[in-house]
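Engineer:
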Amino acid sequence: MIPPGEFWIGGKPEFQDYSKGSASVKKTPLKIIITRPFYLGIYPVTQAQWLSVMKNNPSNFKNGGDYPVEKVSWDDCKEFIKKLNEKDLHNLTEWKFRLPTEAEWEYACRAGSETDYYWGNKFDDNYCWCCDNSNSSTQPVGKKKPNGFGLFDMSGNVWEWCEDCYESNFHDQNFSLNNQGHGSEHYRYVEDPVCKKGSARVLRGGSWDYDSDYCRSDYCISRDQSNRYIYVGFRLALSPGQ
71 MIPPGEFWIG
81 GKPEFQDYSK
91 GSASVKKTPL
101 KIIITRPFYL
111 GIYPVTQAQW
121 LSVMKNNPSN
131 FKNGGDYPVE
141 KVSWDDCKEF
151 IKKLNEKDLH
161 NLTEWKFRLP
171 TEAEWEYACR
181 AGSETDYYWG
191 NKFDDNYCWC
201 CDNSNSSTQP
211 VGKKKPNGFG
221 LFDMSGNVWE
231 WCEDCYESNF
241 HDQNFSLNNQ
251 GHGSEHYRYV
261 EDPVCKKGSA
271 RVLRGGSWDY
281 DSDYCRSDYC
291 ISRDQSNRYI
301 YVGFRLALSP
311 GQ
């Protein structure tokens, strides 16, 4: 279980490097507060898991059931989740699967870290599949080192869909923002944000065919929610149903 807590989205202000051009690196410090615990899949959803629910395998790289499913749109993922939640799953009657929000995803990815990657500021291929080491393909899940929460493949292998619509400037969204700080050290914070405006959806984590810079904990891209790509998969979140 991922515990509640708080983090600086895009990294702690003094560590933010604006030259890297991430859409998630902020001009004004913004602290995110995650108020409720939630579960997040240890691995991205695999081809075997997708097949068991959807009775098909849309993936381009059909190299084994332990490879991440890809070529699934955001809409496809929501249909998978709908079918999964309709199943009679023991001890989960009060819980529902869903996509993580972008804030939950980065919080879980960082696992308390404040560096570019969850292992440090320099790329280390012991943790991540990217274009430099993937042999131009997805790879079996769980073969690299995990992060501090025990989650594998949060960086690289496949980009992961999040619940949020994409907003290029996180600060301009219509959240209920609050100010904290002392003296000149003011920052803004928001609890459990999720962006619901826009047609594109957020992708996080980088992938097998992207450069290592895209695998940083703060990096964000977007794609249309109906499109499918051979470098995009997803990971399940689980929380009490509403």
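Convert by adding 70 to the 1-based position in the sequence shown; the result is the number in this note's numbering. A virtual CB, placed ideally from N, CA and C, is assigned to each residue, including glycine. Predicted, not measured: the structure shown is a model, and the values here were computed from it.
Considering only the alpha carbon of each residue, which of 285, 188 and 289 lies closest to residue 239?
Structural biologist: 289
Engineer: CA-CA distance, residue 227 and residue 302?
Structural biologist: Roughly 9 Å between the two C-alpha positions.
Engineer: Beta-carbon within less than 8 Å of residue 137's beta-carbon, same chain only, minus the 5 sequence neighbours each way: which residues are those?
Structural biologist: 116, 117, 129, 131, 208, 209, 210 and 211
Engineer: In this structure, how does DSSP classify residue 72 when only helix, strand and coil are distinguished?
Structural biologist: Reduced to three states, the DSSP call for residue 72 is strand.
Engineer: Which residue or residues does DSSP assign as beta-bridge partners of residue 167?
Structural biologist: 308
Engineer: Between the Cα of residue 114 and the Cα atoms of 294, 234, 216 and 271, which residue gives the shortest distance?
Structural biologist: For the residues 294, 234, 216 and 271, the minimum Cα distance to residue 114 belongs to 216.
Engineer: DSSP on residue 189, reduced to helix/strand/coil?
Structural biologist: coil
Engineer: Can you check the segment 252-284 for any beta strand (DSSP E) of at least 3 residues that lies completely inside it and give the ranges in chain order?
Structural biologist: Within the segment 252-284, the beta strand (DSSP E) runs of at least 3 residues that lie entirely inside it are, in chain order, 255-261 and 270-274.
Engineer: Excluding the 5 residues flanking residue 167 on each side, which residues of the same chain have their C-beta closer than 6 Å to its C-beta?
Structural biologist: 151, 154, 155, 306 and 308
Engineer: Closest to residue 177 by CA distance: which of 304, 311, 75 and 298 is it?
Structural biologist: 75
Engineer: Under a Cβ-count criterion, where at least 16 other Cβ atoms within 10 Å of its own Cβ denotes burial, should residue 293 be classed as buried or exposed?
Structural biologist: So residue 293 counts as buried.
Engineer: Does the segment 268-288 come into contact with the segment 230-239, if we say contact requires no fewer than three beta-carbon pairs (one atom in each stretch) closer than 8 Å?
Structural biologist: yes
Engineer: Less than 8 Å between the beta carbons of residue 204 and residue 278, yes or no?
Structural biologist: Yes. Within cutoff.
Engineer: I think residue 142 touches residue 304, with their Cβ atoms under 8 Å apart; what is that distance to the nearest whole Å?
Structural biologist: 7 Å
Engineer: How would you label residue 170, buried or exposed, when you count the other beta carbons within 10 angstroms and need 16 or more for buried?
Structural biologist: Classification for residue 170: buried.
Engineer: Sort 300, 222, 198 and 184 by Cα distance to residue 282 and report the nearest one.
Structural biologist: 198
Engineer: In chain order, what residues of the same chain lie with their CB nearer than 8 Å to the CB of residue 194, ignoring the 5 residues before and after it?
Structural biologist: 187
Engineer: So, helix, strand or coil for residue 77, using DSSP?
Structural biologist: strand
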